[in-house]
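For reference, the structure discussed in these notes is given below.
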Amino acid sequence: MPSPSSESNRRRSSHIVKVKEEDGSERSLLAGVPDHTRCDNTLITSKYTILNFLPKNIRNQFRRFANMYFLVVGLVMFVGTRYPQLYASAFSPYTTWGPLMLFVSISIVMEGIADKKRHVSDHKTNTDRCIVLENETADTKPVSESVRDAMNRSMINVSKKNRQASARAENSALDDIPWPSVDIPAVGGMHTEAIFRPIHRKDIRQGHLVVVRNREMIPADMVLVASSGDRGCAYIETSSIDGETNLKLRVSAKHKTDPSYSKPLETINEAVQRIAGFTAAGCQSGESSDRIAELITEAPNAHINTFAGVLKFPSLLTTIDEEDPENPPLAGAGSVKRELPLGAEHLLLRGAVLRNTEWAIGITCFTGTDTKLSQNTIETPSKMSQLDLITNKCVLVMILVELICISYLSTMAVLVNENQIDTLWYVGRKVESETNNTWPYLPDLQAPDWATKG
């Protein structure tokens with residue numbers, strides 16, 4: 001009979017296999033290392049750009065069959081006016097094209113105003129202020145790997161620090177975000193800083209450590225790793241995503257061997273120290289990635305209630321000598337990493353709002369068009385009201401009736417001209433068998449002799 005630990009191991013292993021089989025691909029990220037090879041966090045809801053506004057908008061205007069009908073009628077008039085040898089047109093085409101151009105121009109202007117508002121809203125959303133946690137190191141003396149391991153996060157100094165002059169000028173509007181800081185003495189001649197840096201929402205990349213405060217919108221899909229809540233839990237409101245107003249509970253991705261696993265509450269400083277132990281926020285520039293946790297997730301999809309992933313912690317946190325009977329390593333004997341399966345309870349969705357939680361920190365797994373919110377969003381459709389749809393049907397019926405009438409009258413005209421043209425007095429031909437020479441309209445007057453007139 002298998003032991004409970006082996007059964008738990010089997011369940012987690014099958015969970016990881018499912019991640020790798022999702023859509024035939026998987027996503028691998030290093031915690032705290034932004035991946036610039038994938039899409040940024042920009043989302044666009046506008047329909048037009050400066051280049052495609054006129055052609056795309058004009059095409060949409062002529063989806064209304066009435067506009068297309070009058071355009072064709074005006075074209076027929078133009079041909080008759082320009083080439084009278086083909087047929088004569090009684091009216092100028094501009095009597096039809098003039099009103100058509102007026103109404104189409106008004107519709108184009110109104111559509112442009114509406115799309116301008118979308119551009120403004122997109123710019124406001126994409127340039128909204130967010131806070132990321134990252135490392136900035138000032139080296140004084142290199143130290144050996146064993147000394148770095150002995151430091152074990154005691155060399156981390158958490159502080160709020162301004163960027164260099166060029167970056168400070170670019171993000172001057174972001175520097176007014178208040179945030180606490182704490183100093184921890186440096187050890188071993190090295191000084192490492194984990195800093196809170198404000199950036200624009202559009203600049204968030206997959207792998208970034210993002211800090212969200214109470215009542216702020218989640219800027220991207222993130223795996224929760226710390227929060228101010230009890231045992232690292234956080235609450236989110238997803239009414240803007242699925243319409244549900246009930247708060248949803250999310251759980252931090254903590255390994256059972258983590259000292260803070262059973263700790264009820266965690267301060268922001270304690271959380272940063274713990275997170276820096278397995279992310280790039282606690283590593284110097286150019287340091288080996290063996291100290292950084294690896295986040296493996298499913299491929300982007302539109303399922304907001306499901307998520308599959310694995311967080312592989314580095315050997316600095318756990319080794320094979322620290323085996324927990326209730327949570328054994330998945331890689332077998334000699335493993336130096338622990339793998340924590342992730343589910344929907346660990347995921348903070350973009351568009352949700354953090355509630356009843358002072359702060360939360362997460363590893364960004366999906367950004368921009370990869371987020372579940374974007375995967376569920378359809379392209380902004382062109383407006384076609386019920387009146388437009390009814391008008392289109394009426395125009396089709398009118399064209400059909402018009403074609404039937406034209407076909408019938410043309411056919412009858414051909415038949416009459418061939419068979420009865422000589423019997424029609426009003427055409428102007430003199431009939432030999434005609435005995436009644438009375439003018440039908442003015443019987444007191446003599447009828448004209450049409451055939452003898454020049």
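In this text, residue positions in the sequence shown follow full-length UniProt numbering: the first is 1, and each later residue adds one. Using N, Cα and C, we set each Cβ at its ideal position, and we do this for glycine too.
DSSP state of residue i mapped onto helix, strand, coil
i, result
"Glu216", "coil"
"Lys312", "strand"
"Cys368", "The identity of residue 368 in the sequence shown is Gly, whereas the question assumes Cys. Three-state DSSP puts Gly368 in a helix."
"Pro84", "coil"
"Thr297", "strand"
"Arg118", "helix"
"Pro55", "helix"
"Gln420", "coil"
"Tyr235", "strand"
"His346", "helix"
"Arg63", "coil"
"Ala90", "coil"
"Ile378", "coil"
"Asp221", "strand"
"Glu339", "strand"
"Cys39", "coil"
"Ala413", "helix"
"Asn246", "coil"
"Glu193", "strand"
"Cys283", "coil"
"Pro325", "For Pro325, the pLDDT reaches just 47, beneath the cut-off of 50, and the residue's location in the model is therefore unreliable, leaving the point undetermined."
"His200", "strand"
"Asn126", "helix"
"Ile44", "coil"
"Gly112", "helix"
"Ile304", "coil"
"Arg205", "coil"
"Glu26", "coil"
"Ser227", "strand"
"Leu133", "strand"
"Gly362", "strand"
Pair within 9 Å by beta-carbon distance, residue i and residue j
i, j, result
"Asn356", "Gly229", "yes"
"Glu345", "Asn214", "no"
"Leu133", "Ile218", "no"
"Gly74", "Tyr94", "yes"
"Gly343", "Ala302", "no"
"Asn65", "Val414", "In the sequence as presented, Asn is not what sits at residue 65; that position holds Phe. Their beta carbons are not under 9 Å apart, which means Phe65 does not touch Val414 by this criterion."
"residue 480", "Ala31", "Outside the displayed span of the chain (1 to 454) sits residue 480, for which this structure offers no information."
"Asn52", "Ala276", "no"
"Ile58", "Val104", "yes"
"residue 532", "Ala280", "Given that the chain is displayed from residue 1 to residue 454, the structure contains no residue 532 and the question cannot be resolved."
"Ala299", "Glu26", "yes"
"Leu122", "Ser240", "With the sequence shown as reference, residue 122 is identified as Asp, and Leu is not the correct amino acid for it. In this structure, Ser240 does not lie closer than 9 Å to Asp122 by Cβ."
"Asn248", "Ala352", "Looking at the sequence itself, residue 248 is Lys, so the reference to Asn does not match. Yes, the Cβ-Cβ distance between Lys248 and Ala352 is below 9 Å."
"Gly112", "Val210", "no"
"Ile292", "Thr238", "no"
"Ala236", "Arg250", "The sequence as given places Ile at residue 236; Ala does not occur at that position. Their beta carbons are under 9 Å apart, which means Ile236 touches Arg250 by this criterion."
Neighbourhood of residue i by C-beta, 7 Å cutoff - its chain only, sequence neighbours within 5 removed
i, result
"Ser28", "Glu294, Ile296"
"Gly368", "Cys39, Asp40, Asn41, Thr42, Leu43, Ser374"
"Met398", "none"
"Ser107", "Gln61"
Own chain, CB closer than 6 Å to residue i, minus 5 neighbours either side, in chain order
i, result
"His255", "Phe313, Arg338, Leu340"
"Glu216", "Leu354"
"Phe62", "Met68"
"Asp139", "For Asp139, the predicted structure reports a pLDDT of 36, less than 50, and the residue's modelled location is therefore unreliable. A value from the coordinates is still provided. So the list is empty, once near-sequence residues are dropped."
"Arg350", "Ile218, Ala220, Asp221, Thr371, Leu373"
"Thr391", "Ala66"
"Val416", "none"
"Ser262", "none"
Beta-carbon proximity list for residue i, same chain, < 8 Å, skipping 5 on both sides
i, result
"Leu252", "A small correction: the amino acid at residue 252 is Ser; Leu does not occupy that position in the sequence shown. Same-chain partners within the cutoff: Leu224, Val225, Ala226, Ser227, Arg231, Gly232, Cys233, Ala234, His346."
"Phe91", "Met77"
"Leu71", "Phe62, Trp97, Leu100"
"Lys278", "The question names Lys, but residue 278 is Phe in the sequence shown. So the qualifying residues of the chain are Ala31, Arg291, Ile292, Ala293, Phe313, Pro314, Leu316, Leu317."
"Ser382", "Lys47, Asn60, Arg63"
### Query
Does the region 221-231 touch the region 375-387, meaning 3 or more C-beta pairs lie closer than 8 Å?
The region 375-387 is not in contact with the region 221-231.
### Query
Counting Cβ pairs closer than 8 Å, one from the region 27-38 and one from the region 197-212, do we hit at least three?
Yes, since at least three Cβ pairs between the region 27-38 and the region 197-212 fall closer than 8 Å, the two stretches touch.
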